[in-house]
Structure formats: C-alpha cells, structure tokens
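J.: My questions all concern the structure below.
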Amino acid sequence: MVSFKFGGGRPPRLRSPSGSGPHALPASSTGNRPQAPPAASSGDGRQAPPPPSSGGRRGPPSRRPSLRMETRRVTSFDGTDITYRVTPPPFEGAKTVVLVNGLGGPYLAWRAQVEYLSDQYRFITWDYRGMYASKRPSPDVPGAYAVANHVRDLEAILAVEGIRHGALMGWSVGVQVALEAFRRLPGFAANLVLLNGTYRRPLETMGPLPGLGRLFPPFVAFAARAHTLAARVTRSTFGPPDAVLWLKRMGLLGRTLDSEAFAELVQPFGQLDMDALCRNLRALDAHDAEHVLEQIDVPTLLITGDRDAFTPRALAQSMARRIPMAEILVVRGGSHTTAVEFPELVSLRIERFFADHGF
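Its first residue numbered 50, the sequence shown is counted upward by one per residue in the working numbering.
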C-alpha cells in the first residue's frame, strides 16, 4: 500500500471493522485480508478436518444478507423514473454520503463501506437511467444518457430528500459523474472520494495491454447494434462459477476478491439492458471533466489499485497532482474493484479521511 497526501493533520483513533477498540491504519500494508480463525476442535482434543471445498465450481454461492437500504423512486426532470436507495439516518443530523455507482456494479458494490460506516452517516445511491431498476428515458434518444442528465437525476433525488450538503463518493465511471456533479451542484460537496476512475473518455484507458483500449469504442458501437447478442455473451462469460478464477488469472480481478461478493455483483449485471448500457458507455466516453480538476476546492481522496487494468494507477496519480487538496491511496494488489477486494482497508481509510476533515 502506498499512501500520501498534501497537507497535514494528525490521524484520529479509529475503531476496527468489528467495532471494538482503537485501530490506527498502518503506514504500510500489503492489503492482505485478515487470517481465518483457528480451526474448530472435534471435542476429543483433535483438530476437526476442514469442511470440503467446492473450489467455486459446484452449486450457487450462499446468499449474502440483505443490505439495509430502502428503495424509493422519483420522477426526474424529463419524466424518467429513477430508482434510488437510502439507509436510515443513524441519528438526527447525520451527514449524507452520496454513492455514485459504476456501470458494472449496482449499489451492492458499496456493501462493505455501507455496513461499516452506516452508524455514522446516511447513504444515498441511485441507478442510472436505463440501468438496473431505473427506467429508460423518454424520448429514448442517445442525448438522453448524457452525464449531465445523470446529475440532474441526482438533483431530483436530493430535492425530494431535502439534502443540501454531503460527500460525493464515486467508483469507476461514477468518478466522472461525481466530478460533473461537483461542477453542476456548487456548494453541495463537502469532500470527494474517487475510486478507480478517470475524468474523461474511460474507453481509452481500458484494457490490460497497452493500446488495447483503442479497440473498445468500436466494440461498444458493435454491441449497441447487436445488444441481444451482447447480452447472451455477457451472461455466458460471467455466469459460470469458475469465471472469477479466470478473471483473476487474467489480472482483471484481484486475487483477494471474495467469490460470493463477485457473484452478488455479477447476478444483476447479467440481467442488464445491454442497449441502455452501451448508450451510457458511449455518452460517458464523450464526456470530459478535465477542466474541473484544478477547480476542486474541497478535500479529495483518490483510491486505486496498482493492478487496475481499466483505470491505471498512473492516471489516479496524475489526478492527485492536479487536484489542489488531494490525497491518494494506492492498494498493492488491488484491481478495478479495490473496495470489494480490500473492504476493511478501504473503509478504514475513508473513515480516517472523513475524520481528518471534520466530516
């Protein structure tokens, strides 16, 4: 793990993910997950044999407990029905964190952060138009998926909920939406947390090999024309139980990613409207928020993995140098889903960032 920031401040005493005792984030860490507890005893002094392992190949993964978020709906500026989710405020006057999703993962991608921090903050997140539980816009034209319209959808949610101030936390393409929200909603953001994302044209940085990103725009254009075929390919690629193993071997997922966490994200992704997904991707690839970086006047935390094949570490480091009050955490071994692969480390770093800046 590599972490540095511009500015000072003494780190506060933090609770551990279990909620007991002070826990200071280590100055240097490989990001390894906690070790498993000792094996159970068989009762006669001998160690009980470990349960048989399926190796991720037999049967569906066990169901994870439901995330405590209430589903609500709002009609946006152009009549589009938008689905959003909120956690109950832990106490009167609790501050709000707006979670800005990626395209490849629904609100469940934030499970670890919501579970860990929901006793301190209220969370709100929404499905982009045409994605997951939100409806497609009407009229359903390419321009209706512009990044600015996602921000207007957020405005409608904030107006209904009566929220005027909070944190913006974006993952993947949600970083672009968060930057656009910062520009279009002056005075709203107390701070920014930007994970595994870029400020412009995300299709250009995609790909584990140099130059491979140039192949993605024409691929997306083809998928938009043949979205039924693209949906079948997506389900056949990510559906098999050993898909996570192959994606880890290719370097597209971190080796610490829990198979159940991956399955939880993939299941709804396989049911997506691929035509709407491609329209959103093309709109995002036409978006550029580079001019916003130097204008950011609030504390900003960037988090990335050194094995992120979609938004490389160097991109996050260049953003950190251009944002005036930026801090950065580079997680060793992290891929594009760093917050899912290293939930304790990322959650603790976000908590410390909020505490450092009085949020």
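Backbone N, C-alpha and C fix where the C-beta goes; we use that ideal spot for every residue, glycine too.
Locate the alpha helix (DSSP H) running through M368, then write down its first and last residues.
T.: Counting along the chain, the alpha helix (DSSP H) containing M368 begins and ends at 362 to 371.
J.: What span of residues does the beta strand (DSSP E) with G223 cover, start to end?
T.: Element bounds for G223: not the beta strand (DSSP E) but the alpha helix (DSSP H), 223 to 233.
J.: Given a cut-off of 7 Å, decide if R178 and P186 are closer than it, judged by their beta-carbon atoms.
T.: Judged by beta-carbon spacing, R178 lies within the 7 Å limit of P186, meaning their Cβ atoms are closer than that value.
J.: Would you say the region 119 to 139 touches the region 359 to 373, given that touching needs at least three Cβ pairs under 8 Å?
T.: Result no; under three Cβ-Cβ pairs closer than 8 Å.
J.: State the Cα-Cα distance for the pair K144 and R213, rounded to the nearest angstrom.
T.: 10 Å
J.: Can you give me the C-alpha to C-alpha distance between D168 and L116, rounded to a whole angstrom?
T.: One alpha carbon belongs to D168, the other to L116, and they sit about 14 Å apart.
J.: Over the uninterrupted alpha helix (DSSP H) stretch that includes T387, give me the two end residues.
T.: Counting along the chain, the alpha helix (DSSP H) containing T387 begins and ends at 387 to 390.
J.: Three or more C-beta pairs under 8 Å: does that hold for the region 387 to 395 against the region 153 to 172?
T.: yes
J.: Closer than 8 Å is the cut-off here; do at least three beta carbon pairs connect the region 346 to 360 with the region 325 to 332?
T.: no
J.: Measure the alpha-carbon distance for V315 versus G153 and round it to whole angstroms.
T.: 8 Å
J.: Contact defined as beta carbons within less than 8 Å: I believe A338 pairs with E229. What is the distance between those atoms, to the nearest angstrom?
T.: The beta-carbon distance between A338 and E229, rounded to whole angstroms, is 6 Å. This is short enough to meet the 8 Å contact definition.
J.: Which whole-angstrom value is the C-beta distance of A195 and A332, which I expect to be below 8 Å?
T.: The Cβ separation is near 5 Å, so the contact holds.
J.: By the DSSP assignment, the alpha helix (DSSP H) with N329 in it spans what residues?
T.: 323 to 334
J.: In the DSSP assignment, what residue or residues form a beta bridge with Y133?
T.: Beta-bridge pairing by DSSP links Y133 to R121, W175.
J.: Nearest-angstrom Cα distance between L166 and D307?
T.: 20 Å
J.: If you follow the alpha helix (DSSP H) that A205 is part of, which residue opens it and which one closes it?
T.: Unbroken alpha helix (DSSP H) run through A205: 196 to 210.
J.: Of all the options I399, F359, V147, I345, which has the alpha carbon lying nearest to the alpha carbon of P373?
T.: I345
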